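Colleague:
There are 2 protein chains.
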Amino acid sequence: MKYSQATDYALHAMLHLVTAVPNKPVGVQLLAEKLGVSQTYLSKMMTKLVKAGLIQSAPGANGGYRLRRKQEEISFLDIIHAIEGTASLFECSVNHGSECLIQQVVVDAERQMEQYLENKKIADLAKLMKTE
Amino acid sequence: MKYSQATDYALHAMLHLVTAVPNKPVGVQLLAEKLGVSQTYLSKMMTKLVKAGLIQSAPGANGGYRLRRKQEEISFLDIIHAIEGTASLFECSVNHGSECLIQQVVVDAERQMEQYLENKKIADLAKLMKTE
DNA sequence: CCATTAACGACTTTATGTATCCATAATAAC
DNA sequence: GTTATTATGGATACATAAAGTCGTTAATGG
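The following block contains the structure:
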């Protein structure tokens with residue numbers, strides 16, 4: 117079980133958008149160059165972020181992407197869910213009569229991780245980077 | 117990102133071993149029947165559990181598997197690690213000069229989940245099932 | 001010896017992630 | 001309006017991992 121590289125790229129792309137000049141769109145070509153990944157591949161992830169309502173896109177000259185919400189309101193979990201989906205990490209495939217106690221435990225554990233990721237905003241990282 | 121079905125099977129198999137008669141080995145054929153999975157496939161996971169030191173195996177007639185440790189000392193995390201491995205869920209593939217702050221956040225989040233799974237023992241579930 | 005049972009390796013199949021290419025649509029600048 | 005720019009979408013190829021099967025070997029009890 118691993119987070120996909122796509123999630124890695126999306127998180128880094130969002131961090132770049134946060135630290136970019138406000139309201140000035142950033143093109144996928146620039147982002148792709150900074151991350152060392154192809155434009156066409158990265159654009160798929162950007163499209164997912166758009167559909168999740170995290171960023172806004174603008175076509176045409178001087179177009180690109182910019183944040184849709186305040187940066188304090190965009191959590192790690194938002195980004196991860198946009199790329200990976202929101203399905204549970206664990207689903208019991210054993211056919212027992214009752215509810216699966218094992219699944220309850222693992223899902224509860226997953227909830228612990230998600231709470232942590234929900235409380236972490238990319239704005240937190242942006243602050244850290246400025247003081248370095 | 118998902119936990120593999122193999123992990124699901126392993127967790128259920130361990131739960132069966134905990135609730136079985138102590139010190140009497142349980143064969144893979146019986147376990148496989150209860151879980152609705154083939155013997156040969158399940159035996160791969162059982163072998164991993166043996167190598168992880170969670171259970172003991174005995175070949176030959178009346179052989180099978182039984183717990184190696186006390187059931188209060190076998191956690192969900194032990195079983196999951198035995199099947200999935202212990203590698204981190206997230207590894208940054210972007211080439212920046214410094215340490216990856218994003219990776220730190222996600223790894224910390226993962227640690228939250230692991231702590232929860234470490235504190236949950238299969239003995240806890242066994243108790244629950246007896247009272248039902 | 002014989003039946004039973006775990007362990008191991010080779011293999012097939014299927015699904016998912018990674019990545020590229022090309023066509024299309026929308027917008028801004030001229 | 002024309003052109004350059006930029007995002008979006010579909011098709012496709014490739015690599016990797018998961019899911020599952022089969023046959024063989026090895027060890028043990030009766």
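Taken in sequence, the protein lines are chains F and Y. Here the numbering used here = 1-based position in the first sequence + 116. Here the numbering used here = 1-based position in the second sequence + 116. From the three backbone atoms N, C-alpha and C, an ideal C-beta is built for every residue, glycine too. Since the structure is predicted, the reported quantities are computational estimates derived from the model, not experimental observations.
Taking Cβ positions, are E230/Y and L193/Y nearer each other than 8 Å?
Modeller: Yes.
Colleague: Using a Cβ distance threshold of 8 Å, determine whether the region 175–189 of chain Y contacts the region 192–210 of chain F, with at least three qualifying pairs required.
Modeller: Because the criterion of three Cβ pairs below 8 Å is not met, the region 175–189 of chain Y and the region 192–210 of chain F do not touch.
Colleague: Please report the distance separating the alpha-carbon of M162/F from that of K167/Y.
Modeller: Roughly 43 Å between the two C-alpha positions.
Colleague: Mapping DSSP to helix, strand and coil, what is N205/Y?
Modeller: Reading the sequence as shown, one finds Leu at residue 205/Y and not Asn. Looking at L205/Y - three-state DSSP - the assignment turns out to be coil, as it is neither helix nor strand.
Colleague: Around the Cβ of Q187/Y, are there at least 16 other Cβ atoms within 10 angstroms (buried) or fewer (exposed)?
Modeller: Buried, since its Cβ has 16 or more Cβ neighbours within 10 Å.
Colleague: Comparing the C-beta of Y119/F with each C-beta of chain Y, is any distance below 8 Å?
Modeller: For Y119/F, the answer is yes, since a Cβ of chain Y falls inside 8 Å of its Cβ.
Colleague: What did DSSP end up calling R227/F once you bin it into helix, strand or coil?
Modeller: Looking at R227/F - three-state DSSP - the assignment turns out to be helix.
Colleague: Check the C-beta distance from V144/F over to Q155/F and give it rounded, since I have them as a contact under 8 Å.
Modeller: The Cβ separation is near 5 Å, so the contact holds.
Colleague: Give me the subset of the region 136–159 of chain F whose CB atoms are less than 7 Å from a CB atom of chain Y, sorted by chain position.
Modeller: Under the 7 Å Cβ criterion, the region 136–159 of chain F contributes L151 and G152.
Colleague: Taking only beta-carbon atoms, is Y181/F less than 8 Å away from chain Y?
Modeller: It does not; no Cβ of chain Y falls within 8 Å.
Colleague: Compute the minimum distance between the beta carbon of R185/Y and the heavy atoms of the ligand NAD, and state whether it is under 7 Å.
Modeller: No copy of the ligand NAD appears in this structure; indeed no ligand is present at all.
Colleague: Express the C-alpha separation of N235/F and V137/F in angstroms, rounding to a whole number.
Modeller: Distance between the alpha carbons of V137/F and N235/F is about 25 Å.
Colleague: V210/F and D124/Y: beta carbons closer than 8 Å?
Modeller: Cβ atoms of V210/F and D124/Y: closer than 8 Å.
Colleague: Cutting at 8 Å between CB atoms, please list the residues of its own chain near Q219/Y, excluding the five before and the five after it.
Modeller: These residues qualify, in order along the chain: F206, E207 and C208.
Colleague: Give every residue of the same chain whose Cβ lies closer than 8 Å to the Cβ of E226/Y, excluding the five residues on either side of it in the sequence, and list them in chain order.
Modeller: Around E226/Y: S204, L205 and F206.
Colleague: Within 8 Å of any Cβ in chain Y, is that where the Cβ of N211/F sits?
Modeller: Yes, N211/F lies at the interface with chain Y (some Cβ there is under 8 Å from its Cβ).
Colleague: What do you get for M245/F, buried or exposed, if any count of 16 or more other CB atoms within 10 angstroms of its CB means buried?
Modeller: By the 10 Å Cβ count, M245/F comes out exposed.
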